[in-house]
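Under the numbering used here, residues 1 to 59 are what the sequence shown spells out, in order. Even glycine gets a Cβ: it sits at the ideal position worked out from N, Cα and C. From a predicted model like this one, the values you see are computed outputs, not experimental measurements. Please read the structure below before turning to the comments.
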Amino acid sequence: MGSADDPEHAVVDQFGRVHGIHALRVADTSILPDAPHRGPAATAVLIGEVIAHAMRKGE
1 MGSADDPEHA
11 VVDQFGRVHG
21 IHALRVADTS
31 ILPDAPHRGP
41 AATAVLIGEV
51 IAHAMRKGE
């Protein structure tokens with residue numbers, strides 16, 4: 001795991017865009033560096049909301 005802007009060590013950026021693959025985003029808990037301590041449902045929903053908001057804004 002690396003910082004979001006380092007395609008050498010991170011798969012996605014802060015907006016869920018997969019480095020090196022045009023028009024592909026990941027919007028689930030698989031982008032987290034560690035598993036959530038409790039059930040992941042709320043975290044997964046929040047990740048989806050944040051990435052959907054970024055997509056609507058054109059980021």
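- DSSP places Arg-38 in the coil class of the three-state scheme, outside both helix and strand.
- For the set Glu-59, Arg-17 and His-22, the Cα lying nearest the Cα of Ser-30 is the one of Arg-17.
- It is roughly 19 Å from the alpha-carbon of Gly-39 to the alpha-carbon of Val-26.
- Setting aside the 5 residues that flank it on each side, Val-12 is surrounded in the same chain by Ala-4, Val-18, His-19, Arg-25, Val-26 and Ile-31, each with a C-beta closer than 8 Å to its C-beta; the list follows chain order.
- Around the C-beta of Ile-47, 16 or more other C-beta atoms lie within 10 Å, and the residue is accordingly described as buried.
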